[in-house]
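S.K.: Okay, handing you the structure first.
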Amino acid sequence: MSPPSAVEVLLPVALDRALTYAVPEGLVVAPGDVVLAPLGSRIEIGVVWDGAPAAFDPARLKRLQGVVAAAPMREPMRRFVDWIADYTVSPRGQVLRMALRGLGVDTPAAAPKMGVRAAGRAPARPTPARLRVLDVAADGVPRAKSALAEEAGVSASVIDGLLADGALVAAELPPPPPPPRPDPYRPGPKLSTGQASAAEALAALTLARRFHVALLDGVTGSGKTEVYLEAVAAALKAGRQALVMAPEIALTGAFIDRFSARFGVRPAVWHASVGEKARGAIRRGVASGEIPAVVAARSGLFLPFADLGLIVVDEEHDAAYKQEDGVLYNARDMAVLRGRFEQAPVILASATPSLESRANAERGRYARLALPDRFGGRTLPEVSAIDMRSAGPDRGDWLSPRLVHAMAETLRAGDQTLLFLNRRGYAPLTVCRKCGHRLKCPNCSAWMVEHRFRARLVCHHCGHTGPTPESCPSCGATDSLVACGPGVERIRDEAVARFPDARVSVLSSDVVGGPEALRAELDAIERGEVDIVVGTQMVTKGHNFPKLTLVGIVDADFALGAADPRSAERTFQTLEQVAGRAGRGERPGRALLQTHEPEHPVIRALVAGDREGFYALETKARKAAGMPPFGRLAALIVSAPTREEADAHARALARAAPKADGLRVLGPAEAPLAMVRGRHRMRLLVQADRAADVPAYVRSWLGAAPRPKGQVRVAVDIDPQSFV
Numbered sequence: 149m150s151p152p153s154a155v156e157v158l159l160p161v162a163l164d165r166a167l168t169y170a171v172p173e174g175l176v177v178a179p180g181d182v183v184l185a186p187l188g189s190r191i192e193i194g195v196v197w198d199g200a201p202a203a204f205d206p207a208r209l210k211r212l213q214g215v216v217a218a219a220p221m222r223e224p225m226r227r228f229v230d231w232i233a234d235y236t237v238s239p240r241g242q243v244l245r246m247a248l249r250g251l252g253v254d255t256p257a258a259a260p261k262m263g264v265r266a267a268g269r270a271p272a273r274p275t276p277a278r279l280r281v282l283d284v285a286a287d288g289v290p291r292a293k294s295a296l297a298e299e300a301g302v303s304a305s306v307i308d309g310l311l312a313d314g315a316l317v318a319a320e321l322p323p324p325p326p327p328p329r330p331d332p333y334r335p336g337p338k339l340s341t342g343q344a345s346a347a348e349a350l351a352a353l354t355l356a357r358r359f360h361v362a363l364l365d366g367v368t369g370s371g372k373t374e375v376y377l378e379a380v381a382a383a384l385k386a387g388r389q390a391l392v393m394a395p396e397i398a399l400t401g402a403f404i405d406r407f408s409a410r411f412g413v414r415p416a417v418w419h420a421s422v423g424e425k426a427r428g429a430i431r432r433g434v435a436s437g438e439i440p441a442v443v444a445a446r447s448g449l450f451l452p453f454a455d456l457g458l459i460v461v462d463e464e465h466d467a468a469y470k471q472e473d474g475v476l477y478n479a480r481d482m483a484v485l486r487g488r489f490e491q492a493p494v495i496l497a498s499a500t501p502s503l504e505s506r507a508n509a510e511r512g513r514y515a516r517l518a519l520p521d522r523f524g525g526r527t528l529p530e531v532s533a534i535d536m537r538s539a540g541p542d543r544g545d546w547l548s549p550r551l552v553h554a555m556a557e558t559l560r561a562g563d564q565t566l567l568f569l570n571r572r573g574y575a576p577l578t579v580c581r582k583c584g585h586r587l588k589c590p591n592c593s594a595w596m597v598e599h600r601f602r603a604r605l606v607c608h609h610c611g612h613t614g615p616t617p618e619s620c621p622s623c624g625a626t627d628s629l630v631a632c633g634p635g636v637e638r639i640r641d642e643a644v645a646r647f648p649d650a651r652v653s654v655l656s657s658d659v660v661g662g663p664e665a666l667r668a669e670l671d672a673i674e675r676g677e678v679d680i681v682v683g684t685q686m687v688t689k690g691h692n693f694p695k696l697t698l699v700g701i702v703d704a705d706f707a708l709g710a711a712d713p714r715s716a717e718r719t720f721q722t723l724e725q726v727a728g729r730a731g732r733g734e735r736p737g738r739a740l741l742q743t744h745e746p747e748h749p750v751i752r753a754l755v756a757g758d759r760e761g762f763y764a765l766e767t768k769a770r771k772a773a774g775m776p777p778f779g780r781l782a783a784l785i786v787s788a789p790t791r792e793e794a795d796a797h798a799r800a801l802a803r804a805a806p807k808a809d810g811l812r813v814l815g816p817a818e819a820p821l822a823m824v825r826g827r828h829r830m831r832l833l834v835q836a837d838r839a840a841d842v843p844a845y846v847r848s849w850l851g852a853a854p855r856p857k858g859q860v861r862v863a864v865d866i867d868p869q870s871f872v
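One rule links them: number in my numbering = place in the sequence shown (from 1) + 148.
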């Protein structure tokens, strides 16, 4: 069969279809090959896609410019891209862009790295230093100039002199050895009976080399990581690769330490802070199979694994797995899909599983492995509620007398306290007490958050920042601006004022110095070098602080009143996780919840330790309302530079909505966060039966609706996680 004269090529641009290109004579390409293709006046990297081109005129086709020296995209990955695009109602090219991330440096360097070697002749001037160099280089092995100078104990000028003399010549350096591979036969920690049983079951699923999903449901401190690492070991023993996903960079450091202890080497790490050069090296190693294990954020799902044998989604309930810009997808759900295409098992691990995963386990779609006890016989923390209506702090303070007393007891015992508040900065709102003006972001319908440590006001939605003004921008009054409400910086100040001799640390995503500084701070806490930790949601999970015995939750009601069908579930998960940081060492732990609603079902379930009771109640409420996972949702967000433009197009969309059994369209209504980055936002919501094909309905709807004009944009969010 003669090679094709034209092929379909998918490009990483906002197009939903592949384009047809002519194949130059002598160039051989096949589906999956990475090629260079002209698009307008530029050259794009694209992928040869499946399917034969429709009828075409060869004279009018643009020609491929060549093949990129990169591993072809395997058929399972191409199906993965197609499926995500269909499900999320996104252009296929935008999904492909995520799969090609880092490919710009994926090709080998054009010029090899050069060093020097002995030429086999004596120098014209044989000084002692020169002779030492030639003695080292006598083995004929090429070395870098700096390495040869260091080994011989001479300066770089001696090497340069020998090169000029001809006693040394330039030579290509050998490629660096591949990174050491993890040792799956290295003994792991001794597991409890329950852990060992779960580990054996997961290892058996992994060795079966077929798709299966298992929910690893273990209480905080039950040792879930050690259990699923045995499944990683099984995949590595079988010669396959493993991907372990974490929702936040802050969690990868602790996992890397555990991985290194189990397998003797560090895994490859892939997330947004990894540099482009390292990304290229990881892509090549993953595609060749030289890198067998990767720990990654959600974007790791799109790495070109040669033989993916296991996917682990740690903290599977975490909302950070949902990408909220560009292609809107939930990495937990897409991990299950990738596992299906790769015929690889998927492990979903959590101490507070999502209602979706629990429902799938109850329906028999997922296996469920339970770890109901903490490792080593340790007890779960005792949880109590502090009624802030009758036992709250004095005016101007945020820590109740009971919590302050417990902190003092903990300090005297030499243990650590964690104060949790899910608000960054010093105060979430600044108000002028003279005219009532509130400092608001100029680009968003959100208040500016004061960060007193940096003397800045920051919008946490668009990133707009500016100095804290000395006078009111509205009325000009000086010394009239008042910080309202607490953030973690304000709680830190109160803790320092009450316990001046205590070592206090603030942990949030605002830590100066990025992931490395955050990792150093976490290590210091783990070593017991901090007495009081004040932290946001990033400290709620995945961390093990042996000396932490008291958790104080400053505001347990932080999300209970939110207009979000998942607000109760998320509040329960967050508080259960943060309470679970206490008592993981030798001493028992306790958690105190400051609340204005001690009778709320979430608070009552936490105090009673009745996790199953809460899930049963939440399941009943979701079923009655037809909400996920017992119904389907999709959101269409219309945005425009003006409210009038956004409203007009949203109403036109609503009028074009097709009628369909089991589906209804709600709205349009102004989004709760009505303006972001200078764009006004309106929202329509599709509510449907669980069996409805919501993506197909939305595609049909958009196909029949008027197209956006000017700067109007429509974003589609299938299975939304955020209702802001």
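Glycine included, C-beta positions come from ideal geometry on N, C-alpha and C.
(1) Out of curiosity, what's the CA-to-CA distance linking residue 780 and residue 772?
(2) Assess, as a yes-or-no matter, whether the stretch 735-753 is touched by the stretch 537-554 under the definition of 3 or more beta carbon pairs within less than 8 Å.
(3) Here's the rule I'm using: 16 or more other beta-carbon atoms within 10 Å means buried, otherwise exposed. How should residue 368 be labelled?
(4) Which runs of the beta strand (DSSP E) spanning at least 3 residues fall entirely within the stretch 515-580, listed in chain order?
(5) Tell me which residues share the same chain as residue 383 and place their Cβ nearer than 6 Å to its Cβ, disregarding the 5 neighbours each side in the sequence.
(6) Report all residues from its chain with a CB closer than 6 Å to the CB of residue 749; omit the five preceding and five following residues, and keep chain order.
(7) Within the chosen definition, does the stretch 505-523 reach the stretch 601-620 through at least 3 CB pairs nearer than 8 Å?
(8) Where does residue 472 fall in DSSP's three states?
(9) To the nearest angstrom, how far is the alpha carbon of residue 794 from that of residue 592?
(10) List the residues that DSSP assigns as beta-bridge partners of residue 632.
(11) How long is the line joining the alpha carbons of residue 207 and residue 813, rounded to whole angstroms?
(12) In whole angstroms, give me the CA-to-CA distance for residue 713 and residue 441.
(13) Suppose you measure from the CA of residue 432 to the CA of residue 219; what does that come to, to the nearest Å?
(14) Do you know how far the Cα of residue 452 is from the Cα of residue 224?
(15) Can you list, in chain order, the residues of its chain whose CB lies under 7 Å from that of residue 269, leaving out five sequence neighbours each side?
(16) Counting only runs of 4+ residues fully inside the stretch 742-796, write out the alpha helix (DSSP H) ranges in chain order.
(17) Run through DSSP, which three-state label would residue 225 get?
(18) Would you call the stretch 823-836 in contact with the stretch 209-219, where contact means no fewer than 3 C-beta pairs closer than 8 Å?
(19) Return the CA-CA distance between residue 471 and residue 477, expressed in angstroms with no decimal places.
(20) Between residue 403 and residue 434, which are expected to be in contact by the criterion C-beta below 8 Å, what is the C-beta distance as a whole number of angstroms?
(21) Thinking residue 317 and residue 302 are a contact (beta carbons under 8 Å), I'd like their distance in whole angstroms, please.
(22) Under a three-way DSSP split, which group does residue 430 fall into?
(23) Out of 610, 699, 189, 666, which has the shortest C-alpha to C-alpha gap to residue 533?
(24) Measuring CB to CB, does residue 450 end up less than 9 Å from residue 332?
(25) In terms of residue numbering, what span does the alpha helix (DSSP H) encompassing residue 726 cover?
(26) If you measure from the beta carbon of residue 497 to each beta carbon in chain D, is any gap under 9 Å?
(27) What whole-angstrom Cβ distance do residue 763 and residue 811 have, given they're in contact under 8 Å?
(28) Counting only the same chain and skipping the five closest in sequence on each side, list residues whose C-beta sits under 7 Å from that of residue 580.
(29) Do the stretch 564-574 and the stretch 633-651 make contact, defined as three or more Cβ pairs closer than 8 Å?
(30) Please specify which runs of the beta strand (DSSP E), each continuous and at least 3 residues long, are wholly inside the stretch 578-630, giving them in chain order.
(31) Which same chain residues, not among the five before or five after residue 822, have their C-beta less than 7 Å away from its C-beta?
(32) When we look at the beta-carbon of residue 205 and count the other beta-carbons within 10 Å, is it buried (16 or more) or exposed?
(33) Hey, residue 804 and residue 854: beta-carbon distance below 9 Å or not?
(34) Count the other C-beta atoms from every protein chain shown that fall within 10 angstroms of the C-beta of residue 191, then say buried if there are 16 or more, exposed otherwise.
(35) Report all residues from its chain with a CB closer than 6 Å to the CB of residue 487; omit the five preceding and five following residues, and keep chain order.
M.R.: So, to answer that:
(1) 13 Å
(2) yes
(3) buried
(4) 515-519, 530-535, 564-568, 577-580
(5) 354, 390, 457, 458
(6) 765
(7) no
(8) coil
(9) 15 Å
(10) 577
(11) 48 Å
(12) 37 Å
(13) 8 Å
(14) 10 Å
(15) 314, 315
(16) 749-756, 759-773
(17) helix
(18) no
(19) 5 Å
(20) About 18 Å; that fails the 8 Å criterion.
(21) Not really, about 18 Å apart at Cβ, beyond 8 Å.
(22) helix
(23) 699
(24) no
(25) 715-727
(26) In the structure shown, chain D cannot be found, because there is only a single protein chain.
(27) At roughly 28 Å, the Cβ-Cβ gap does not stay under 8 Å, so residue 763 and residue 811 are not in contact.
(28) 620, 622, 623, 625, 628, 629
(29) yes
(30) 597-599, 604-606, 613-615
(31) 593, 828, 829
(32) exposed
(33) yes
(34) exposed
(35) 359, 459, 494
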